[in-house]
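First up is the structure itself, then whatever we jot down about it.
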Amino acid sequence: MAVCLALLAFMLVPVLSLRAEEYDIPDTEGYFGIYVGGEKAGFAHWSVKKIKAGKKRKYYRFTMEEERTVKSGPKEIKETLSAKANIGMDLSPQTLEVKSKRGSRSTLIKGRVSGGNASLTVQFGTQKPFPPRKVKLKPGTMWSVFAPLCFALRAPDPAEKAVFSRLLEISFTVRDLELTAAKQEMSFQGENITAWKWTDPDAAVTIVLNEDSDLLIYSEKNKKGIETKYISEPEEVARSSYTYEQKAAMDAQKNKKPGKKKPGKDGVDLEELLADAADEMEGQVFTMNLGKISLKAKTPEGWRPLPMMQGQKVSGLRLVCGEDNDIFVNIFFAPGTQDGADTLLEDVLDNMEKGEGDIQNIERKTEIQTFDWDGVDAAGIMLTFISSNTKMKTCLYAVAGESLSVVALPVCSEDDWDDYKDDIFGILRSLSIE
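Oh and the sequence shown: position 127 is 129 in my numbering, straight run, nothing missing.
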């Protein structure tokens, strides 16, 4: 089910008790996944709330919060945007405040409309604001951040051309585009729907609305032809590193019947060793990138979200913890037999205990346990070891699939173990051999 401007269909036409140009919009909110150049870059959360100021004055408070990561050469730069605006009952702009940050650079834009003119003030970082500049507005012009939402809320007639008018605040200009609608039968988030695709002659802007005028997709191309696309998504998907379709595929895989477990040598298997993982982790695998943990794969094209690794040669996995601390998941591939998981794991442990690398001491918490992992032989063990003078905890396991894969998880310091173990165990439980 698409997360859109739900419940607005019956509210998008003028209400008889209001003036003809006014709209009665219920308090609502939603999420967009943000895609740049075809790759997931971040998410946006928007909201609309009716404000009553005194007995007569009413207006809408629009908000938009964005987070995205963009590439600048070999580097990745985090961008954030926080915008709020007062917008009239007739969907006309009144006030605006936009705070944006790109890396260490920040910008603050404030705007106010009076007498058909917008007065704009721009401030970079801690510098003094530039003197206000006025821009003449046209009827229907909207603050750039909220223009796509307001276009949808106005429910334009597909039989007529519509003007998409935005005030580009940073350049003090108004940009008008004449859009034409084309009817489309399309699949959107698992449903076959009828939609209207609004585009200008140069296809610089595309707005896709369903029959209820919910905003499904907004996309815009820059001068270099790079497309930035906002797609309406459920919150869980929008905040994640994958698309709706990837999430649906993972859920389908997750719901497959698990293989029968084999007891370990001492009657305990790895599933029991992972019993500390909370039940709510089920179905939440690879969604844990809410400022805490996410999982990426290293491919020939660079680091990519894990769902994109399908069909690609993977040389390693990286568990990203926060912004500055990367926890590496080392994956080794070696040919072997279906019965060799515990043997290969023992060989890896022997090498670790010899002090190879920066590992100085290993304490075995359990014996190696053999078990069935999604229909194939596997073995696992819980360890505590000393690495770079820091006591670490990890779960090491091997799976005997088409090739033997040994996965070592240098999880985190012992002090942080309780904070991260549920997330780590949830990922371990979900991994399967294709």
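From the three backbone atoms N, C-alpha and C, an ideal C-beta is built for every residue, glycine too.
As the structure is a computational prediction, the values presented were derived from the model and not from experiment.
Rounded to whole angstroms, how far is the Cβ of Val100 from the Cβ of Val147, which I believe are closer than 8 Å? 6 Å
Within the continuous alpha helix (DSSP H) that includes Glu238, where are the two ends? Glu237 to Ala240 is the extent of the alpha helix (DSSP H) around Glu238.
Original post:
How would you write the range of the alpha helix (DSSP H) that Pro150 sits in, first residue to last?
Top reply: Ala149 to Leu155
Buried or exposed by the 16-neighbour rule on C-beta atoms within 10 Å, applied to Gln371:
buried
Between the CA atoms of Gln186 and Thr196 - distance to the nearest angstrom: One C-alpha to the other measures close to 6 Å.
For this session: Name the one or two DSSP bridge partners that Asp32 has.
Result: Residue 32 is actually Gly in this sequence, not Asp. Looking at the DSSP assignment, Gly32 forms a beta bridge with Trp48.
Q) Just how far apart, CA to CA, sit Glu274 and Ser221? A) The pLDDT assigned to Glu274 is 43, lower than 50, so where the model puts this residue is not dependable; a value taken from the coordinates is nonetheless given after this. Between Glu274 and Ser221, the alpha-carbon positions lie close to 48 Å from each other.
**OP:** Tell me Tyr89's beta-bridge partners as DSSP assigns them.
**Re:** One point to set straight first is that residue 89 is Ile, not Tyr, in the sequence displayed. Paired residues: Tyr62 and Pro95.
Say whether the region 148 to 165 touches the region 105 to 115, bearing in mind that this needs 3 or more beta-carbon pairs closer than 8 Å, one atom from each stretch.
no
query = So what's Ile53 in DSSP terms, helix, strand or just coil?
reply = It is a strand residue.
Q | Cβ contact (3+ pairs, closer than 8 Å) linking the region 37 to 46 and the region 65 to 74 | A | yes
Check your understanding: Is Glu23 helix, strand or coil when you go by DSSP?
Key -> coil
From Arg177 to Pro141, what distance separates their C-alpha atoms? 12 Å
Exposed unless 16 or more other CB atoms sit within 10 angstroms - verdict on Thr182 | exposed
Buried or exposed: where does Asp159 fall if 16 or more other Cβ atoms within 10 Å of its Cβ makes it buried?
exposed
In the DSSP output, what is Ile209 paired with across the bridge?
Trp200 and Tyr220
**Prompt:** Nearest-angstrom Cα distance between Leu292 and Val239?
**Reply:** Confidence in Leu292 is poor, its pLDDT being 21 and thus under 50, which makes the residue's placement unreliable; the coordinate value appears in the next sentence. Taking the straight line from one Cα to the other gives about 11 Å.
Tell me which residue opens and which closes the beta strand (DSSP E) that Glu229 is part of.
Glu229 to Ser234
Shortest alpha-carbon distance to Glu162 belongs to which of Lys199, Leu351 and Tyr246?
-> Comparing Cα positions, the closest option is Lys199.
Put Ile370 into one of helix, strand or coil per three-state DSSP. coil
inquiry  = Can you tell me where the beta strand (DSSP E) holding Gln125 begins and where it ends?
reply    = Asn119 to Phe126
Going by DSSP, what residue range makes up the beta strand (DSSP E) through Thr175? Start and end: Thr175 to Phe190.
* Asked: Span of the beta strand (DSSP E) holding Leu139?
  -> Premise fails: Leu139 is in no beta strand (DSSP E) and is neither H nor E.
Taking only three categories from DSSP, how would you classify Thr245?
coil
Q) For Ser189, which residues of its own chain have a beta-carbon under 8 Å away from its beta-carbon, when the five flanking residues on both sides are left out? A) Ile195
7 Å Cβ shell around Phe174 - same chain, five flanking residues per side excluded:
Leu122, Arg135 and Val137
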